[in-house]
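For the sequence shown, full-length UniProt numbering begins at 1 and goes up steadily by one. Beta carbons: idealized from backbone N, C-alpha and C, even for Gly. Encoded as structure tokens, the structure appears first; notes follow it.
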Amino acid sequence: MERPAPKQNELCGSWEMKEKLGMGGFGNVYLYQHLHTSEKIALKLCRLELSQKNKDRWSREIHIMKKLNNVNVVQA
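Shown next as structure tokens:
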């Protein structure tokens with residue numbers, strides 16, 4: 001089952017979805033922009049139908065991303 005895709009200009013709190021950036025094995029990546037600060041972030045939404053093995057991989061990816069600290073690397 002696919003997660004309903006966010007629509008362009010749809011709000012999530014103070015964040016507005018601007019565009020879909022891409023897709024991968026775990027889910028889709030979207031560009032969001034903060035309404036007040038104009039800060040931009042890439043948000044990866046995981047697929048709903050992930051197997052347990054892929055859920056474990058997704059979890060490891062998140063933990064690894066949290067440890068990275070570089071201006072050229074997206075923060076989790």
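Exposed or buried, which one is residue i when buried takes at least 16 other CB atoms within 10 Å?
i, result
"Lys44", "buried"
Suppose the cutoff is 7 Å on Cβ atoms and the five residues either side in sequence are ignored; what does the same chain contact list for residue i look like?
i, result
"Ser14", "His34, Leu35 and His36"
"Asn70", "none"
"Leu21", "Val29, Tyr30, Leu31 and Ala42"
Rank the options by C-alpha distance to the C-alpha of residue i and give the top, closest one.
i, options, result
"Lys53", "Phe26, Pro6 and Glu39", "Phe26"
For residue i, collect the residues of the same chain with a Cβ closer than 6 Å to its Cβ; drop the 5 residues on either side in sequence, then sort them by chain order.
i, result
"Cys46", "Phe26, Gly27 and Trp58"
"Glu39", "none"
Output the boundary residues of the alpha helix (DSSP H) element that contains residue i.
i, result
"Gln8", "Counting along the chain, Gln8 falls outside any alpha helix (DSSP H), and DSSP gives it neither H nor E."
"Asn54", "Gln52 to Lys67"
Under 8 Å Cβ to Cβ from residue i, same chain only, skipping five residues before and after it: list those, please.
i, result
"Gln8", "Met17, Lys18 and Glu19"
"Leu50", "Phe26 and Trp58"
"Met23", "Val29"
Which residue comes first and which comes last in the beta strand (DSSP E) that contains residue i?
i, result
"Glu39", "Counting along the chain, Glu39 falls outside any beta strand (DSSP E), and DSSP gives it neither H nor E."
"Asn70", "Per DSSP, Asn70 belongs to no beta strand (DSSP E) and is neither H nor E."
"Gly13", "Here Gly13 belongs to no beta strand (DSSP E), and DSSP marks it neither H nor E."
"Gly25", "Gly25 -> no beta strand (DSSP E), and no H or E assigned at all."
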